[in-house]
Structures are given as C-alpha cells and as structure tokens.
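**Q** I'd like to ask you about the structure that follows.
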Amino acid sequence: MLMCRGLAEIASDYIDGELSHRQNLTVKMHLMMCNDCRTFIGNLRASNNLLSAHSSGRADEEFLRRIDERVSEALKTRPAGPNDSNDTPQS
Ligand SMILES: [Zn+2]
C-alpha cells in the first residue's frame with residue numbers, strides 16, 4: 001500500500017507521466033482515498049505548469065525582463081531620503 005510519503009517521492013514523476021502503468025495506478029488509488037495528497041498533487045501540478053510556461057525560450061526572457069523593469073522602476077520611484085547618498089556610496 002502506498003503511503004503519503006511514498007507518494008510525495010514519486011509525485012513529480014506522476015505528473016510528468018514517467019511512472020510505470022502499475023505505479024500510476026497505485027498513485028491514483030491513493031489519491032482516491034487521500035484528500036491531502038490530492039491537494040498536494042494539485043498544487044504541484046499548478047506550479048509545474050507555471051514553470052514550464054516560463055521556461056520555454058522567449059517567454060522566459062520576457063518574464064525576466066519584466067521583473068527587471070519592475071525592479072528598476074521600484075528603485076527609481078523610491079523616495080530619496082536625507083541619508084540617501086550614504087546608502088549608495090560612489091566609489
Ligand atoms: Zn496521502
């Protein structure tokens with residue numbers, strides 16, 4: 001009988017469809033009975049989708065560039081305090 005911990009170990013393979021037919025069946029049986037693992041698999045699958053969406057070439061670059069823009073924009077709009085020049089010494 002597959003336990004929760006065992007399922008967690010093969011969960012990513014299950015999502016990737018890399019388990020054997022028998023392992024796959026065992027996971028499904030467990031998921032039918034175990035609400036916790038259903039949630040776990042659901043979350044894992046969601047974050048997996050997010051990752052693969054961003055790791056495919058151009059989308060990834062654009063994603064990073066957008067973060068870059070956000071950061072530099074946040075730095076620009078940062079209110080300059082009286083001690084601002086001390087924060088960033090120019091050497
Ligand atoms: Zn479980």
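In case it helps, the UniProt record's numbering puts the sequence shown at residues 1 to 91.
Here a beta-carbon is modelled for each residue, glycine too, at the ideal position from N, C-alpha and C.
Every value quoted in this text rests on a predicted model; they were computed, and no experiment measured them.
(1) Between the alpha carbons of R66 and L50, how many angstroms are there, rounded?
(2) Looking at the unbroken alpha helix (DSSP H) that takes in S12, where does it start and where does it end?
(3) What residues come near ligand 1, if near means a beta carbon less than 6 Å from any of its heavy atoms?
(4) Between the C-alpha atoms of N24 and M33, what's the straight-line distance to the nearest angstrom?
(5) Which term fits A11, buried or exposed, when burial requires 16 or more other beta carbons within 10 angstroms of its beta carbon?
(6) To which residues of the same chain is L2 closer than 6 Å at the C-beta, ignoring the five residues directly before and after it?
(7) Which class does T77 belong to by DSSP, given the choice of helix, strand or coil?
**A** In brief:
(1) 16 Å
(2) C4 to D16
(3) C4, L7, H30, C34, D36 and C37
(4) 15 Å
(5) buried
(6) T26 and H30
(7) coil
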